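Below: one structure, written as structure tokens.
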Amino acid sequence: HAVADDDWENNRKNVIWTDSHNEINAGLKRSYASLKADVKEKYDVTLKSFKAIGISGMMHGYLPFNEKGELLADFRTWRNTITGEAAGILTKEFNFNIPQRWSIAHLYHAILTDEAHVKDIAYFTTLAGYIHTLLTGEKVLGIGEASGMFPMEGNNYSAAMLDKFDELVAGKGYPWKIREILPTVLVAGENA
Numbered sequence: 346h347a348v349a350d351d352d353w354e355n356n357r358k359n360v361i362w363t364d365s366h367n368e369i370n371a372g373l374k375r376s377y378a379s380l381k382a383d384v385k386e387k388y389d390v391t392l393k394s395f396k397a398i399g400i401s402g403m404m405h406g407y408l409p410f411n412e413k414g415e416l417l418a419d420f421r422t423w424r425n426t427i428t429g430e431a432a433g434i435l436t437k438e439f440n441f442n443i444p445q446r447w448s449i450a451h452l453y454h455a456i457l458t459d460e461a462h463v464k465d466i467a468y469f470t471t472l473a474g475y476i477h478t479l480l481t482g483e484k485v486l487g488i489g490e491a492s493g494m495f496p497m498e499g500n501n502y503s504a505a506m507l508d509k510f511d512e513l514v515a516g517k518g519y520p521w522k523i524r525e526i527l528p529t530v531l532v533a534g535e536n537a
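Each residue of the sequence shown is one higher than the one before, starting from 346 at the first, in the numbering used here.
So, in structure tokens, the structure goes:
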């Protein structure tokens with residue numbers, strides 16, 4: 346097998362740990378170039394296609410997109426501690442611990458602070474989910490990654506907590522429901 350990686354460090358912009366959309370894309374390109382070089386060195390073959398590939402990325406954080414696939418806000422990494430109030434409210438409402446790093450805490454923080462982009466969200470994900478979507482066009486996450494976005498029940502998001510979240514934000518009048526903007530959950534062995 347061949348291996349590649351790209352070391353990067355997120356940056357602090359104002360009070361948010363982030364990385365630019367361009368840096369994320371550049372990191373993916375560097376990783377692919379590194380993989381091609383590793384295959385060439387090990388096997389003297391020029392990489393042209395894959396039978397399978399595995400990519401690891403952050404399972405927490407927040408990347409919201411609109412209908413056109415445009416990023417609506419700076420990527421928020423797992424390192425952010427701006428979501429304390431949101432995580433606390435969700436923990437109480439769900440009767441389930443919601444860490445500050447979870448994607449739902451970031452979304453709820455954006456709602457509590459009336460960030461303008463929230464009304465335009467068509468989809469939100471983690472860095473791992475974003476990379477997957479770039480490579481495949483599919484808005485999916487493995488169950489392990491998805492468990493860093495929202496509480497799970499069995500092999501999917503908790504239906505009761507999804508309903509509770511929609512109740513919490515109903516007064517805001519957003520054109521979406523939480524089920525509509527979360528990535529689809531897949532379990533091991535499913536084609537992603």
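Built from N, CA and C at the ideal position, the CB exists for glycine as well.
Being a predicted model, the structure only gives us computed values, none of them experimental.
Check: Three or more C-beta pairs below 8 Å linking the stretch 475-482 and the stretch 507-517; Outcome: no
Check: Length of the line joining the Cα atoms of residue 497 and residue 529; Outcome: 12 Å
Check: Separation of residue 410 from residue 440, as counted between CA atoms; Outcome: 29 Å
Check: Buried or exposed by the 16-neighbour rule on C-beta atoms within 10 Å, applied to residue 394; Outcome: exposed
Check: Beta-carbon proximity of residue 531 to residue 485, cut-off 7 Å; Outcome: yes
Check: Nearest to residue 502 (by Cα), restricted to the options 524, 382, 437, 428; Outcome: 524
Check: The alpha helix (DSSP H) enclosing residue 453, as first and last residue numbers; Outcome: 448-457
Check: Environment of residue 462 [buried if 16+ CB atoms lie within 10 Å]; Outcome: exposed
Check: Alpha carbon of residue 515 to alpha carbon of residue 455, nearest angstrom; Outcome: 15 Å
Check: Residue 388 classed as buried or exposed, judged by whether at least 16 other C-beta atoms fall within 10 angstroms; Outcome: exposed
Check: Residue burial classification, residue 428 (beta-carbon count within 10 angstroms, cutoff 16); Outcome: buried
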